[in-house]
Amino acid sequence: MNRRRLLAACGAGVGTLAGGVAWRRVRGPSVPPGIEAATTHLEADVLFRAPDRDPEFPEWKSEHHTVVPDAAAAEERLVDDGSVAEFVAATDFAESVLIVVQNGMQSEMELVLDAIERVADGLRLDVSVEAPSGGPDDLRTHSLLVRLTGAEPRVPLRVTVDVEGYV
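According to full-length UniProt numbering, the stretch in the sequence shown is residues 1 to 167, in order.
Here it is in structure tokens:
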């Protein structure tokens, strides 16, 4: 009898976890009123030039983020790759800003924007790591491009990023 309860509880737990992950993907990130966010994740280093990034990057769980305020900065600092170029081309820099979040972790994982919060002098982005069970033991650069439209000011004075969920 106890075995059945244990199996039922395990099944309910797995179903709840899977449902929570699916729900987060469907509903999108939590953002303040007036701000729209669009994202794309790439398992690649999308920064051509990153003078403010640690030269040892990437290391396991190392993190970096940068603000790309205009088209000239995007052209200078971002690689001209298909997915990146498409995301940048869809950005109206008169109304939007790009934020690039990067970290070093295993392949087959993904960075997901969970929430954006206004803070006294800018914005705080909460990002999580979605990881399938198992996976290779390698080190890759992951990049999350975030397009924010409607933020006031358009280019935040300060951006902080919190990445959670490493396995």
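A virtual CB, placed ideally from N, CA and C, is assigned to each residue, including glycine.
CA-CA distance, SER133 to ASP52, rounds to 34 Å. A distance below 8 Å between beta-carbons, with the five flanking residues on each side excluded, links VAL119 to the following residues of its chain, in chain order: ARG158, THR160. According to the DSSP secondary-structure assignment, VAL159 is paired through a beta bridge with LEU123.
With fewer than 16 other Cβ atoms inside 10 Å of its own Cβ, ASP121 counts as exposed. Shown here for GLY34: same chain residues with a beta carbon closer than 7 Å to its own, the five before and five after excluded, namely GLY150 in chain order.
By the CB criterion at 9 Å, VAL129 and ALA37 fall outside the cutoff.
DSSP places GLY104 in the uninterrupted beta strand (DSSP E) bounded by 96–105.
Assignment of SER143 by DSSP, reduced to helix, strand and coil, places it in the strand class. Restricting attention to ALA94, PRO32, MET105, the CA atom closest to the CA of ASP45 is found in MET105. Minimum Cα-Cα distance from PRO153 among the listed residues PHE87, LEU139, ALA94 corresponds to ALA94. Bridge partners of ILE116 according to DSSP: LEU125. Distance between GLU164 and LEU144, taken at the CA atoms: about 14 Å.
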